[in-house]
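Engineer: In order, the protein sequence lines correspond to chains Z and F.
Under the numbering used here, the residues of the first sequence are numbered 15 to 467, in order.
Under the numbering used here, the residues of the second sequence are numbered 15 to 467, in order.
For each residue, glycine too, the CB sits at the ideal point set by N, CA and C.
Quick one: the structure is below, and I'll ask about it shortly.
There are 2 protein chains.
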Amino acid sequence: MFGYRGKALRLLKSLEIEVGDRIRVEKGDRTYEGILMPRSELGDPNHVVIKLPNGYNLGVKITKETKITKIEKGKLPKLGLPPLEVKRDPAKPDVTILGTGGTVACRIDYRTGAVYPAFTPQEIYSAVPELAGLANIEVMEVCNVLSENMTSQLWARIGRAVAKKLNAGADGVVVAHGTDTMGYTAAALSFMLKGLFRPVVLVGSQRSSDRPSSDAALNLISAVAVAGKSDIAEVCVVMHGSTDDDFCLIHRGTKVRKCHTSRRDTFQTINDIPIGMVRNGEVTTFRQDYNRARPEGKVELDAKFEPKVALVKVFPNIKGDIIDSLLDEGYKGIVLEGTGLGHAPRMLYKSIRRAVKLGVPVVMTSQCIWGRVDMKVYSTGRELLSLGVIPGEDMLPETAYVKLMWLLGHDLSQEEISSLMRTNISGEISPTSRPDVFPTPPVLRTLVGESRL
Amino acid sequence: MFGYRGKALRLLKSLEIEVGDRIRVEKGDRTYEGILMPRSELGDPNHVVIKLPNGYNLGVKITKETKITKIEKGKLPKLGLPPLEVKRDPAKPDVTILGTGGTVACRIDYRTGAVYPAFTPQEIYSAVPELAGLANIEVMEVCNVLSENMTSQLWARIGRAVAKKLNAGADGVVVAHGTDTMGYTAAALSFMLKGLFRPVVLVGSQRSSDRPSSDAALNLISAVAVAGKSDIAEVCVVMHGSTDDDFCLIHRGTKVRKCHTSRRDTFQTINDIPIGMVRNGEVTTFRQDYNRARPEGKVELDAKFEPKVALVKVFPNIKGDIIDSLLDEGYKGIVLEGTGLGHAPRMLYKSIRRAVKLGVPVVMTSQCIWGRVDMKVYSTGRELLSLGVIPGEDMLPETAYVKLMWLLGHDLSQEEISSLMRTNISGEISPTSRPDVFPTPPVLRTLVGESRL
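So, in structure tokens, the structure goes:
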């Protein structure tokens with residue numbers, strides 16, 4: 015039954031409890047109440063998993079002292095909400111929402127625990143009624159994977175769907191995507207969509223939209239606003255700008271990174287300012303240098319990626335065998351996440367030299383995340399440059415990885431790849447570094463201020 | 015001559031220019047002036063490298079149009095400053111400064127370009143005269159490497175020197191260390207020094223102390239203040255707290271990370287508040303839960319590290335071959351820098367299962383950097399837990415890597431390692447998550463505020 019086996023399955027069967035039922039679990043002096051959730055295929059036989067009222071799942075080990083009681087039979091899924099009937103309004107923009115399997119506008123079916131995307135236009139309007147006032151929504155499922163399982167083939171499939179919809183007349187496209195690898199996919203779309211003349215907006219949610227504190231509604235409303243009525247003809251990520259439900263930021267697709275495991279304002283623009291913000295469905299831009307939307311155009315898809323590229327974090331004590339193994343396995347490109355201004359230990363020089371000799375480009379970025387690689391300051395950097403390592407400027411390691419995959423998908427010489435890696439193609443390299451974009455913890459203002467007294 | 019060869023060497027010889035001389039290089043409509051620097055052994059024969067007045071190095075390619083003129087003969091190194099005569103003051107604390115090869119209190123010898131640490135007590139006092147008022151300084155060179163070349167053997171050597179000095183009666187020890195891998199070494203010292211009863215302070219500089227805008231003096235003064243007169247008996251990092259030369263922050267050694275390639279306030283305490291701050295040589299603490307100094311004690315060194323551990327960043331499209339190669343090469347432990355709440359693609363499951371079967375612990379951390387791994391929320395996390403992956407709580411990936419090396423250096427069972435990785439040993443795991451420690455870009459306050467008008 016839904017992944018339960020062994021001891022747990024026997025106990026649940028004997029109590030006539032099914033997945034989706036509300037149960038009470040007592041153990042020693044602790045009592046938990048929640049919905050019995052399904053297990054993964056790999057679930058061990060000694061635990062039951064319940065979803066607590068706060069939305070989180072808890073696994074409880076079954077011992078002799080564990081007492082389980084059924085409180086309530088599982089309810090039917092909420093998916094059957096009466097659909098809002100919405101007619102196409104020719105005065106409103108046409109926005110396509112592409113589903114990829116993220117957690118935006120999803121509902122958890124408590125009977126089975128499965129996450130179902132709300133994915134007819136009616137279901138989307140029912141989940142977030144404000145959308146009906148913003149745009150005529152069309153929906154299309156491109157794939158259905160958790161974003162950690164995203165691949166370059168799926169990037170290409172998403173790109174194809176975006177290009178098709180824009181070229182067919184959509185005013186903008188929203189890509190609903192899991193947050194884990196949203197930054198990587200945003201970078202991939204930024205490189206592969208050429209001649210973009212309308213907005214392409216990635217959006218997600220840090221919590222399922224059935225949870226009381228979900229950020230999905232504001233994110234989705236803001237993303238549809240950018241896609242439908244902004245003049246930002248770029249690939250961007252639109253997600254919460256604070257922990258309050260008050261505004262979203264518009265991040266450039268090549269400069270954005272998930273910086274917190276669980277906060278709703280997890281995405282930050284790195285080494286630059288965001289393109290703008292959305293409050294109450296109104297778009298404000300912070301800068302002038304973005305690609306403007308045009309009434310007509312044609313998007314061309316250039317979605318060739320070399321899949322055999324590795325992103326390698328450098329650490330003290332790292333040995334050359336890590337690079338050598340990649341070369342032995344036929345990897346075609348390596349992005350190093352070096353230390354500081356773009357350094358790697360001497361222990362790696364021999365393997366890096368071998369990579370360059372084999373025609374495998376080695377690109378240097380920094381695990382500092384903020385700032386710019388500068389390999390001319392210290393001897394290590396100069397030596398790495400002499401070995402042929404390509405400095406990644408102020409590119410995010412993640413973006414450099416996607417860019418190298420994309421460049422290697424094309425028939426380019428080593429010199430062309432080296433030169434293009436250092437050339438801004440889609441906003442991934444900022445010409446200058448701003449001092450005011452380095453984030454600082456808000457608590458410091460209080461702590462340092464008070465101690466001044 | 016100092017790495018010059020071929021065309022560059024011939025040109026310099028013909029002009030009687032030596033490394034250390036001030037020269038002018040004209041090329042087309044551009045003119046540069048600076049000190050001729052030595053080249054690395056790998057220097058190509060077509061460039062000369064000069065140190066510009068702003069302290070940065072510039073390589074200029076020699077072509078037919080390049081004109082070079084000698085402006086001034088190289089000066090002798092500044093090392094010969096008249097040493098300050100300072101007698102030991104029994105009323106002042108005794109602080110040992112251990113040199114490891116970082117750039118604190120160093121001077122660049124412009125004649126050879128070599129970086130010389132100012133490393134007799136007299137040279138240190140000459141470089142930073144304020145120190146004489148704070149402590150009786152003793153100095154000792156432990157090693158001399160750029161911090162990217164630090165290894166677990168050198169961590170042990172540093173730890174040995176720290177323990178020796180504290181047990182011999184030093185009131186505190188300062189470890190001068192390059193900033194690139196300072197966080198890793200701080201974590202290593204935090205685990206290996208048991209029974210710490212006095213402060214151990216790592217300090218460095220984002221710029222050589224001979225540069226006009228160096229941060230070395232304030233950092234060193236603040237580090238010596240913490241080592242000499244604070245009651246913080248922990249391993250900590252003391253570095254600039256802002257871009258102004260006004261105060262330093264005291265970061266816990268297991269929670270600190272270099273977050274910017276070049277800023278002086280590059281170090282941040284992650285997922286927690288710093289221990290305190292230093293302003294004008296005065297220490298203020300922000301919290302009460304730090305280990306207090308005691309007048310007497312004995313530090314025990316437990317410096318066994320397993321060197322065959324890898325820190326592996328997860329990325330979309332990653333294949334199992336990366337993990338399999340590590341297992342084939344005999345790696346004994348793997349720390350994954352997963353996505354989001356602690357996820358890795360399904361493509362890795364088979365190799366992870368193989369690792370666990372071989373008794374190789376696999377620890378999950380997050381590339382988000384901020385926040386906490388929670389592998390019970392989504393199916394991917396639950397599946398990885400079932401495979402035996404150890405969740406790294408809110409530990410930094412870098413700290414988890416050092417901790418796993420250290421645990422594997424001891425004769426522990428798989429269960430003990432799994433349990434200890436999830437148990438706080440030296441401040442590396444915070445029991446709860448504070449919302450006010452997640453950093454935000456200061457520019458956002460202006461941008462979002464203005465757009466409200």
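1) Which residue from Z/K78, Z/V153 and Z/K101 puts its Cα closest to that of Z/T110?
2) Measuring alpha carbon to alpha carbon, tell me which of F/Q167, F/V297, F/V156 and F/E162 ends up nearest F/K178.
3) What is the rounded straight-line gap between the Cα of F/L372 and the Cα of F/V323?
4) Short check: CB of F/L207 to CB of F/L315, under 8 Å?
5) Closer than 8 Å is the cut-off here; do at least three beta carbon pairs connect the stretch 191-208 of chain Z with the stretch 261-273 of chain Z?
6) Given that a residue counts as buried once 16 or more other Cβ atoms are within 10 Å of its Cβ, and exposed if not, what is Z/Q428?
7) Identify whether F/Y139 lies in helix, strand or coil by the three-state DSSP scheme.
8) Looking at the structure shown, is F/V36 part of a helix, part of a strand, or coil, going by DSSP?
9) Which runs of the beta strand (DSSP E) spanning at least 3 residues fall entirely within the stretch 285-310 of chain Z, listed in chain order?
10) Let's test the definition: count the other Cβ atoms within 10 Å of the Cβ of F/G344 and tell me whether it reaches 16, buried, or not, exposed.
11) Would you say F/P455 faces chain Z, with C-beta separation under 8 Å as the test?
12) Compute the Euclidean distance between the alpha carbons of Z/Q136 and Z/R367, then round it to the nearest angstrom.
13) Determine whether the Cβ of F/I49 lies closer than 8 Å to any Cβ atom of chain Z.
14) What first and last residue would you give for the alpha helix (DSSP H) that runs through Z/I470?
15) Taking the alpha helix (DSSP H) that F/L399 belongs to, which residues open and close that run?
16) Just verifying my parser: in three-state terms, what is the DSSP assignment at Z/P67?
17) When the distance is taken between beta carbons, is F/F319 closer than 8 Å to F/A170?
18) Looking at the structure shown, is Z/N60 part of a helix, part of a strand, or coil, going by DSSP?
19) In angstroms, rounded to a whole number, what distance separates the CA positions of Z/I76 and F/H424?
20) According to the neighbour-count rule (16 or more other Cβ atoms, all chains shown, within 10 Å of its Cβ), is F/L66 buried or exposed?
21) Compute the Euclidean distance between the alpha carbons of F/I31 and F/R19, then round it to the nearest angstrom.
22) Check the Cβ of F/C262 against every Cβ in chain Z and list those closer than 7 Å, keeping chain order.
23) Starting from Z/D108, follow the beta strand (DSSP E) in both directions and report where the run begins and ends.
24) Using DSSP's beta-bridge definition, name the partner residues of F/L350.
25) Got a sec, what are the start and stop residues for the beta strand (DSSP E) F/L263 sits in?
26) Could you tell me if F/K346 is buried or exposed, where buried requires 16 or more neighbouring beta carbons within 10 angstroms of its beta carbon?
27) Per DSSP, F/Y18 forms a beta bridge with which residues?
28) Ignore the nearest five residues each way along the sequence and tell me which others in F/V462's own chain have a CB closer than 8 Å to its CB.
29) Are any of the Cβ atoms in chain Z nearer than 8 Å to that of F/W420?
30) Any Cβ of chain F within less than 8 Å of the Cβ of Z/I235?
31) For the candidate residues F/L210, F/G354, F/T114 and F/T134, whose alpha-carbon lies nearest to that of F/T165?
32) Report all residues from its chain with a CB closer than 6 Å to the CB of F/I231; omit the five preceding and five following residues, and keep chain order.
33) Would F/R277 count as contacting chain Z if we go by Cβ distances under 8 Å?
34) Take Z/I443 and list the residues in its own chain whose beta-carbon comes closer than 7 Å to its own, dropping the five residues that flank it on each side.
35) Around the C-beta of Z/E310, are 16 or more other C-beta atoms found within 10 angstroms, so that it is buried, or is it exposed?
36) Please name the residue, chosen from Z/L234, Z/G354, Z/F261 and Z/G218, that lies closest to F/T280 on a Cα-to-Cα basis.
Structural biologist: Judging by the given coordinates:
1) Residue mapping note: residue 110 of chain Z aligns to position 96 of the first sequence, counting from 1. Z/V153 is the residue among Z/K78, Z/V153 and Z/K101 whose C-alpha sits nearest the C-alpha of Z/T110.
2) Within the second sequence, numbered from 1, the residue matching residue 178 of chain F stands at position 164. Its Cα nearest to that of F/K178, the residue F/V156 stands out among F/Q167, F/V297, F/V156 and F/E162.
3) As a first step, residue 372 of chain F is located in the second sequence; it is residue number 358 there, counting from the start. As a first step, residue 323 of chain F is located in the second sequence; it is residue number 309 there, counting from the start. Taking the Cα positions, F/L372 is about 14 Å away from F/V323.
4) Taking the second sequence and counting its residues from 1, the one referred to as residue 207 of chain F is at position 193. Taking the second sequence and counting its residues from 1, the one referred to as residue 315 of chain F is at position 301. Yes.
5) Yes: the two stretches touch, three or more of their Cβ pairs being nearer than 8 Å.
6) Along the first sequence, one-based indexing puts residue 428 of chain Z at 414. Classification of Z/Q428: exposed, given that the 10 Å Cβ count is below 16.
7) Locating residue 139 of chain F in the second sequence gives position 125, where the first residue counts as 1. Of the three classes helix, strand and coil, the one that applies to F/Y139 here is helix, per DSSP.
8) To locate residue 36 of chain F, count along the second sequence from 1; it is residue 22. The residue you asked about is not Val; residue 36 of chain F is Arg in the sequence shown. Three-state result, F/R36: strand.
9) Within the stretch 285-310 of chain Z, the runs of beta strand (DSSP E) that reach at least 3 residues and sit entirely inside it are, in chain order, 290-293 and 296-299.
10) Within the second sequence, residue 344 of chain F is the residue found at index 330, counting from 1. Flag for F/G344 reads exposed.
11) Taking the second sequence and counting its residues from 1, the one referred to as residue 455 of chain F is at position 441. Yes, contact with chain Z.
12) To locate residue 136 of chain Z, count along the first sequence from 1; it is residue 122. To locate residue 367 of chain Z, count along the first sequence from 1; it is residue 353. CA-CA distance, Z/Q136 to Z/R367, rounds to 58 Å.
13) Position 35 of the second sequence holds residue 49 of chain F. It does not; no Cβ of chain Z falls within 8 Å.
14) The requested residue 470 of chain Z does not occur in the structure, where chain Z is confined to residues 15 to 467.
15) Residue 399 of chain F sits at position 385 when you count from the first residue of the second sequence. In the DSSP assignment, F/L399 falls within the unbroken alpha helix (DSSP H) covering S393 to L401.
16) As a working note, residue 67 of chain Z is residue 53 in the first sequence. Coil at Z/P67, not helix or strand.
17) To locate residue 170 of chain F, count along the second sequence from 1; it is residue 156. To locate residue 319 of chain F, count along the second sequence from 1; it is residue 305. Yes; because the gap between Cβ atoms is below 8 Å, this pair is in contact.
18) The residue you call residue 60 of chain Z lines up with position 46 of the first sequence. Coil at Z/N60, not helix or strand.
19) Numbered from its first residue, the first sequence carries residue 76 of chain Z at position 62. Numbered from its first residue, the second sequence carries residue 424 of chain F at position 410. Taking the straight line joining both Cα atoms gives about 33 Å.
20) Walking along the second sequence from the start, residue 66 of chain F turns up at place 52. Burial call: exposed.
21) Reading the second sequence from its first residue, position 17 is the one you call residue 31 of chain F. Reading the second sequence from its first residue, position 5 is the one you call residue 19 of chain F. Looking at the two C-alpha atoms, the distance is approximately 14 Å.
22) Mapped onto the second sequence, residue 262 of chain F falls at position 248. Result: empty, since nearest Cβ-Cβ is about 11 Å, beyond 7 Å.
23) Working through the first sequence from its first residue, we reach residue 108 of chain Z at position 94. Residues D108 to G113.
24) The count along the second sequence starts at 1 and reaches residue 350 of chain F at position 336. Note: F/L350 sits in a beta bridge opposite F/V326 and F/M378.
25) Sequence index remark: in the second sequence, residue 263 of chain F carries index 249 (1-based). First-last of the beta strand (DSSP E) with F/L263: C262 to R266.
26) Numbered from its first residue, the second sequence carries residue 346 of chain F at position 332. By the 10 Å Cβ count, F/K346 comes out buried.
27) The residue you call residue 18 of chain F lines up with position 4 of the second sequence. For F/Y18, DSSP assigns no beta-bridge partner whatsoever.
28) Walking along the second sequence from the start, residue 462 of chain F turns up at place 448. Result list for F/V462: empty, nothing under 8 Å.
29) The residue you call residue 420 of chain F lines up with position 406 of the second sequence. No, because no Cβ of chain Z sits closer than 8 Å to the Cβ of F/W420.
30) Counting from one through the first sequence, the residue named residue 235 of chain Z turns up at place 221. Chain F contact via Cβ: absent.
31) For this step, residue 165 of chain F is matched to residue 151 along the second sequence. Closest option to F/T165, Cα to Cα, is F/T114.
32) Your numbering for residue 231 of chain F matches position 217 in the second sequence. The question names Ile, but residue 231 of chain F in the sequence shown is Ala. In its chain, beyond the 5 residues on either side, V142 have a beta carbon closer than 6 Å to the beta carbon of F/A231.
33) Numbered from 1 along the second sequence, position 263 holds the residue referred to as residue 277 of chain F. Nearest CB-CB separation between F/R277 and chain Z: below the 8 Å threshold.
34) What you label residue 443 of chain Z is simply residue 429 of the first sequence in a count that begins at 1. The answer, listed in chain order, is E407, D408 and M409.
35) To locate residue 310 of chain Z, count along the first sequence from 1; it is residue 296. Exposed, since its Cβ has fewer than 16 Cβ neighbours within 10 Å.
36) For this step, residue 280 of chain F is matched to residue 266 along the second sequence. Residue nearest to F/T280 within the set Z/L234, Z/G354, Z/F261 and Z/G218 is Z/G354 (criterion: CA-CA distance).
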